[in-house]
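The sequence shown begins at 2 in the numbering used here and counts up by one. Beta carbons are placed, not taken as given, at the ideal position from N, Cα and C, and that holds for glycine.
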Amino acid sequence: MDTALVRPPSPTYTAITPVTRAPEKDQPASSTDLPAEDTVRPSADSSGSQRAATNEQNRASEGRADQSALERYTPPVTRQNVFDEDSESLIYVATNTETGDVIRQIPSETLLRLRAYSETVAAYRTQVEEQQRSSSEDEVVQRTV
Numbered sequence: 002m003d004t005a006l007v008r009p010p011s012p013t014y015t016a017i018t019p020v021t022r023a024p025e026k027d028q029p030a031s032s033t034d035l036p037a038e039d040t041v042r043p044s045a046d047s048s049g050s051q052r053a054a055t056n057e058q059n060r061a062s063e064g065r066a067d068q069s070a071l072e073r074y075t076p077p078v079t080r081q082n083v084f085d086e087d088s089e090s091l092i093y094v095a096t097n098t099e100t101g102d103v104i105r106q107i108p109s110e111t112l113l114r115l116r117a118y119s120e121t122v123a124a125y126r127t128q129v130e131e132q133q134r135s136s137s138e139d140e141v142v143q144r145t146v
């Protein structure tokens, strides 16, 4: 028994032929007085290579535009690794240099507080357990006397 997923075949679409939007580009740039045999005409495949070159130029200029937009909208950031003596851990802090706001902190302030709370609870439990042991030992000593 075959349990594989069966996908229906994807619909087929008829090719849409683009309409020439600039018919003046198909005509020569300037007319000449030369006979037709002596004139130079572009080959059929040169228009495709020209299109490819134009696309690469557009991509390169878009990349530069994107990079400058990224630089414009990204705030200047100072990144530091700080050793916190209270929690005895290494903390990564990214700070906006213009405003001084903390953009990113690993571990977060919340996690540091949870760690401190759990350590406090654990210390309290061990203190209570030690008090219970010492009181039970005192009771044993008093019974034997």
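Problem - Delimiting residues of the beta strand (DSSP E) encompassing D85 - result: Here the beta strand (DSSP E) through D85 covers 78-85.
Practice task
Using beta-carbon positions only, say whether T96 and D102 come within less than 8 Å of one another.
Solution key: Yes, the Cβ-Cβ distance between T96 and D102 is below 8 Å.
Exercise for the section: Please classify T100: does DSSP put it in a helix, a strand, or coil? Expected result: T100 carries a coil assignment under DSSP once its states are collapsed to helix, strand and coil.
Problem - Which of helix, strand or coil DSSP assigns to S136 - result: Of the three classes helix, strand and coil, the one that applies to S136 here is helix, per DSSP.
Exercise for the section: Assuming A117 and S88 form a contact by the criterion Cβ under 8 Å, report the distance between their Cβ atoms to the nearest whole angstrom. Expected result: In this structure A117 touches S88 by the C-beta definition: roughly 7 Å separates them, less than 8 Å.
Exercise for the section: Rounded to whole angstroms, what's the CA-CA distance from E130 to S119? Just pull it up for me. Expected result: So the alpha carbons of these two residues sit roughly 16 Å apart.
Problem - Any non-hydrogen atom of the ligand ZN closer than 7 Å to E110 Cβ - result: Ligands in the displayed structure: none, and consequently the ligand ZN is not present.
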